[in-house]
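These notes are about the structure you will find just below.
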């Protein structure tokens, strides 16, 4: 059941470069599971989390194939979060900062996110029950 | 409008991004969008308020950076726009800086007074 | 009196700036605010008993500040012998604290 509460979260880290990405996905997942709405403002490197062109790969260290590795990329995790939101009948609004997208060539993203900017973050924050900024280092 | 404090501590991460420090740029944009916002520079980011920072001259192959970040000027502009900019006094001292090194309009705050400054804001975004 | 959820993701071994956040947590609490410190990622490293920095955590606990450590971060780092008084929590807990009305959340 939806809680009617909304969390806004700003993230900055590019995929796989920081534990912050893991924590951000965990928080978003937990929030959706609890029936909260979530606004995500993906700033700087975080816009790369949703790139459609991400591909899984085999692992030559483990000797595993792509199929054996079963390695979701961050776009898969995010797609799964959108599905979770839909299942829970809550809103996940994922905004990729447009200028950050442009300078990273990250404009081809999975279904779900939308292009936006700092004003979207401000508006989301002002309308939310809580705002959390997870900075990069 | 809730009062927001942006705390910036990492510095000089994004020189090749051109646009200023990414969080100071964001602060400008949030101010333009109507935010009631202040900035606290701590740790290495106190250097952002120093006059005369010069990141010009970068070139890789034939491609030159024609518009390097001008962070000190950006901080000045922010102050002129009505954004209070605070520096942590001890962080300034530890880096061998003095008032004469800074752009005008900076406010200094002692490290032990940070909780009070934070209490004066409704949202504290630590970058 | 306000409510604060302070989240430390960085470890004190990483830089000489390691006193900043524990001191900030203490200062916020000293002003009479309801203060919780949630340790996550490498921020849990000091709560392993015997760590060089576990006294900083013990001091906050003695000063009546609630110190929580993220269960996944502890498990990931095989930390099971914790400093007395640290409570193990998970993301559900961080969310409940975050969404309590009037809470200011600061992630470091």
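Protein chains in written order, with the working numbering: chain C, 971 to 1107; chain U, 23 to 149; chain E, 4 to 111. Using N, Cα and C, we set each Cβ at its ideal position, and we do this for glycine too.
Beta bridge counterpart(s) of residue i as assigned by DSSP
i	result
residue 1021/C	1079/C
residue 138/U	DSSP, once it has assigned bridges, lists no residue as partnering residue 138/U.
residue 28/U	61/U, 147/U
residue 110/E	10/E
residue 1100/C	977/C
residue 1029/C	1034/C
residue 72/U	124/U
residue 85/U	82/U
residue 51/E	85/E
Host beta strand (DSSP E) of residue i (start-end)
i	result
residue 39/E	37 to 42
residue 73/E	69 to 73
residue 66/E	Looking at the DSSP string, residue 66/E is not in any beta strand (DSSP E), and its letter there is neither H nor E.
residue 1084/C	1084 to 1086
residue 129/U	129 to 131
Cβ shell of residue i (< 6 Å), same chain only, five flanking positions each side left out
i	result
residue 76/E	43, 44, 47
residue 132/U	111
residue 29/U	62, 148
residue 971/C	1005
residue 36/U	44
residue 975/C	1006, 1099
residue 1095/C	978, 1101
Boundaries of the alpha helix (DSSP H) in which residue i is found, first to last residue
i	result
residue 44/U	44 to 54
residue 105/U	No alpha helix (DSSP H) holds residue 105/U; DSSP gives it neither H nor E.
residue 1009/C	Run containing residue 1009/C: none in the alpha helix (DSSP H); it sits in the beta strand (DSSP E), 1007 to 1012.
residue 112/E	An answer regarding residue 112/E cannot be provided, because it is not within the stretch 4 to 111 covered by chain E.
residue 1065/C	That residue, residue 1065/C, is in no alpha helix (DSSP H); its beta strand (DSSP E) goes 1062 to 1067.
residue 996/C	989 to 1003
residue 80/U	Here residue 80/U belongs to no alpha helix (DSSP H), and DSSP marks it neither H nor E.
residue 1052/C	1044 to 1058
residue 56/E	Taken as a continuous stretch (DSSP letters only), residue 56/E belongs to no alpha helix (DSSP H), as it is neither H nor E.
residue 1040/C	Run containing residue 1040/C: none; DSSP gives neither H nor E here.
residue 28/E	23 to 33
Cβ shell of residue i (< 8 Å), same chain only, five flanking positions each side left out
i	result
residue 68/E	28, 29, 32, 38, 39, 40
Cβ shell of residue i (< 7 Å), same chain only, five flanking positions each side left out
i	result
residue 994/C	979, 981, 1104
residue 985/C	991, 1018, 1019, 1044
residue 1026/C	1036, 1039, 1041, 1043
residue 54/E	48
residue 96/E	71
residue 64/U	29, 31, 110, 113
Sufficient close CB pairs (3 or more, under 8 Å) joining the stretch 48 to 68 of chain U to the stretch 25 to 39 of chain E: No, because fewer than three Cβ pairs between the stretch 48 to 68 of chain U and the stretch 25 to 39 of chain E fall closer than 8 Å, the two stretches do not touch.
Just by C-beta distance, which residues in the stretch 1090 to 1107 of chain C are closer than 9 Å to chain E? Contact residues of the stretch 1090 to 1107 of chain C toward chain E are 1099, 1100, 1101, 1102, 1103, 1104, 1105, 1107 (C-beta to C-beta distance below 9 Å).
Identify each residue in the stretch 972 to 991 of chain C for which the Cβ-Cβ distance to at least one residue of chain U is less than 7 Å, and report them in chain order. Listed in sequence order: no entries.
Validate contact between the stretch 999 to 1010 of chain C and the stretch 59 to 69 of chain E using beta carbons, cut 8 Å, 3 pairs: No, the stretch 999 to 1010 of chain C does not touch the stretch 59 to 69 of chain E.
Three-pair Cβ contact test at 8 Å for the stretch 1044 to 1060 of chain C versus the stretch 1012 to 1026 of chain C: With contact defined as three or more Cβ pairs closer than 8 Å, the stretch 1044 to 1060 of chain C and the stretch 1012 to 1026 of chain C are in contact.
For the pair the stretch 1052 to 1065 of chain C and the stretch 1097 to 1105 of chain C, tell me if three or more CB-CB distances fall below 8 Å. Segments in contact, no.
Decide yes or no for the touch test of the stretch 1028 to 1042 of chain C against the stretch 1075 to 1082 of chain C: beta carbon pairs closer than 8 Å, at least 3 of them. Contact between the stretch 1028 to 1042 of chain C and the stretch 1075 to 1082 of chain C is not established, with fewer than three Cβ pairs separated by less than 8 Å.
Listed from N- to C-terminal order along the chain, which residues in the stretch 59 to 89 of chain U have their beta-carbon within a distance smaller than 7 Å of any beta-carbon of chain E? Closer than 7 Å at the C-beta level to chain E, one finds these residues of the stretch 59 to 89 of chain U: 65.
Spell out a yes or no on whether the stretch 96 to 105 of chain U and the stretch 119 to 128 of chain U are touching, meaning 3 or more CB-CB pairs, one atom from each, closer than 8 Å. As far as the Cβ criterion goes, the stretch 96 to 105 of chain U touches the stretch 119 to 128 of chain U, which means the pair count is three or higher.
Take every Cβ of the stretch 1077 to 1096 of chain C, pair it with every Cβ of the stretch 77 to 92 of chain E, and state whether three or more of those distances are shorter than 8 Å. Counting Cβ pairs under 8 Å, fewer than three are found: no touch.
Should the stretch 36 to 52 of chain U be called in touch with the stretch 71 to 90 of chain U, which here means at least 3 C-beta pairs below 8 Å? Contact between the stretch 36 to 52 of chain U and the stretch 71 to 90 of chain U is present, because at least three Cβ pairs lie under 8 Å.
Chain U contacts made by the stretch 5 to 24 of chain E, where a contact means CB separation under 7 Å: Those residues of the stretch 5 to 24 of chain E that come within reach of chain U (Cβ to Cβ, closer than 7 Å) are 5, 20.
Chain C contacts from the stretch 37 to 69 of chain E (Cβ-Cβ distance under 9 Å): Listed by position along the chain: 43, 44, 45.
Between the stretch 999 to 1015 of chain C and chain E, which residues of the former have CB atoms less than 9 Å from a CB of the latter, in chain order? Of all residues in the stretch 999 to 1015 of chain C, 999, 1000, 1001, 1003, 1004, 1006 have a Cβ within less than 9 Å of some Cβ in chain E.
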